[in-house]
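Notes follow the structure.
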Amino acid sequence: MSQTDPIPEEARPGADDVVPVFFLSDSTGISAETMGNALLLQFPDRTFDRTVIPFISTVADAQEVVAALDTLLDHGQAPLAFVTAANDEVRAELLRTRAPVIDFFGVHIEQVEGLLGQRGVRQPLRLHGVGDVHRYNERMAAVEFTIEHDDGQSLRALDKADVILLAPSRCGKTPTSMYLALQHGLFVANYPLVDEDLERSHLPEPVQQYQERCFGLTTTVDRLSRVRNERRPGSRYSSAEQCRWELRRATDLFNAHRVPTIDSSAKSVEEISALIIQSLRREQSRRGEQTRRQRGTTP
Numbered sequence: 000m001s002q003t004d005p006i007p008e009e010a011r012p013g014a015d016d017v018v019p020v021f022f023l024s025d026s027t028g029i030s031a032e033t034m035g036n037a038l039l040l041q042f043p044d045r046t047f048d049r050t051v052i053p054f055i056s057t058v059a060d061a062q063e064v065v066a067a068l069d070t071l072l073d074h075g076q077a078p079l080a081f082v083t084a085a086n087d088e089v090r091a092e093l094l095r096t097r098a099p100v101i102d103f104f105g106v107h108i109e110q111v112e113g114l115l116g117q118r119g120v121r122q123p124l125r126l127h128g129v130g131d132v133h134r135y136n137e138r139m140a141a142v143e144f145t146i147e148h149d150d151g152q153s154l155r156a157l158d159k160a161d162v163i164l165l166a167p168s169r170c171g172k173t174p175t176s177m178y179l180a181l182q183h184g185l186f187v188a189n190y191p192l193v194d195e196d197l198e199r200s201h202l203p204e205p206v207q208q209y210q211e212r213c214f215g216l217t218t219t220v221d222r223l224s225r226v227r228n229e230r231r232p233g234s235r236y237s238s239a240e241q242c243r244w245e246l247r248r249a250t251d252l253f254n255a256h257r258v259p260t261i262d263s264s265a266k267s268v269e270e271i272s273a274l275i276i277q278s279l280r281r282e283q284s285r286r287g288e289q290t291r292r293q294r295g296t297t298p
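First residue of the sequence shown: 0, per numbering that gives the first Met the number 0; consecutive thereafter.
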């Protein structure tokens with residue numbers, strides 16, 4: 000059943016039902032999962048049971064998936080499938096299911112082909128495979144750099160960092176660093192602000208000359224205390240008083256040195272990363288404009 004077909008009344012889940020959701024792809028399934036979840040987030044009062052089925056590379060593989068979906072439907076459940084299969088035969092087979100299907104690839108590739116006046120190659124593994132080897136190697140180098148410079152473990156070649164994250168312990172530095180490296184190929188170092196740093200009025204000495212690359216992360220006292228308690232329950236490190244002091248001093252430090260600051264308490268890693276990248280692009284644009292003015296090339 001394609002996304003354009005009406006969904007039979009018997010196939011529609013009730014308001015209180017857990018909806019089985021399948022992300023189907025002949026590649027990694029990342030795109031199907033990302034786009035599908037972007038839609039599902041619009042229904043916060045519903046409960047979804049998510050399953051990713053990647054690398055559906057043959058018609059036989061697709062037939063097995065269709066059989067599983069139709070079996071769920073026959074047993075009174077109403078699965079919803081999001082599909083990003085590039086292979087025409089595989090996608091056509093997946094669309095044979097009687098379950099509701101949102102076919103991201105089929106509809107949009109045809110629209111793009113019409114606009115460009117050219118048929119796409121329709122091959123899987125082009126978005127999340129190795130693809131551009133140079134770009135892939137850049138991302139792997141960024142990951143290696145970021146692992147080496149996690150939590151202030153190394154200060155070597157800090158001048159190569161695109162981003163330096165500053166924050167008290169457990170404010171989200173490491174996951175943000177890894178996401179920026181893996182997804183965007185950025186060389187990221189993160190530096191933990193300890194008591195000694197927070198007692199001073201200047202940025203930690205190792206990062207002072209790279210202030211323009213620094214971003215601060217903060218959070219709420221309650222969240223930080225809760226996260227730290229999972230690591231060291233009942234300790235001074237996890238007490239509300241200590242968390243409050245560290246966050247206040249970190250905020251004062253960021254403000255004093257005009258370090259862009261992001262509150263990680265209610266933002267995902269993806270959102271934090273997007274804000275950082277947006278800031279980097281604005282700064283890059285500003286510097287480009289400044290250079291053009293200095294050269295007298297601005298219109």
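Ideal Cβ positions, reconstructed from N, Cα and C, are used throughout, including at glycine. Fair warning: this is a prediction, and the values are worked out from it, not measured in the lab.
Strictly by DSSP, which residues pair up with residue i?
i, result
"L79", "V20"
"F47", "V18"
"F54", "DSSP lists no partner for F54."
"T217", "D262"
"N189", "L164"
Ordered along the chain, which non-local residues of its own chain (more than five positions away) have a Cβ less than 6 Å from that of residue i?
i, result
"R138", "G184"
"G28", "F22, V51 and P53"
"D158", "none"
"R243", "V220"
"S224", "S237, A239 and C242"
Any idea what DSSP makes of residue i, helix, strand or coil?
i, result
"F253", "helix"
"P203", "coil"
"N136", "helix"
"V258", "coil"
"R292", "helix"
"D60", "helix"
"V100", "strand"
"C242", "helix"
"N86", "coil"
"A156", "coil"
"D196", "helix"
"V120", "coil"
"D73", "helix"
"D149", "helix"
Spatial neighbours of residue i within its chain, please: C-beta separation below 8 Å, excluding the five flanking residues on both sides.
i, result
"R134", "G184"
"F214", "V162, I163, L164, L165, V258, P259, T260, I261, I275 and S278"
"V17", "T46, F47 and D48"
"T57", "V89"
"D87", "R121"
"I55", "L23, S24, D25, A61, V64, A84, V89 and L93"
Within its chain, find whatever has a CB closer than 7 Å to the CB of residue i; leave out the 5 residues flanking it on each side and keep chain order.
i, result
"A141", "A180, G184, L185 and F186"
"R286", "none"
"S168", "P191"
"Q62", "E92"
"A188", "H148, L157, A160 and I163"
"L72", "A10, P78, R97 and A98"
Original post:
Does the segment 198 to 209 touch the segment 228 to 235, meaning 3 or more C-beta pairs lie closer than 8 Å?
Top reply: no
**OP:** Mind the definition here: the segment 63 to 75 touches the segment 27 to 39 only if three or more C-beta pairs lie below 8 Å; say whether that holds.
**Re:** no
Original post:
Do the segment 77 to 94 and the segment 104 to 124 meet, that is, are 3 or more Cβ pairs less than 8 Å apart?
Top reply: yes
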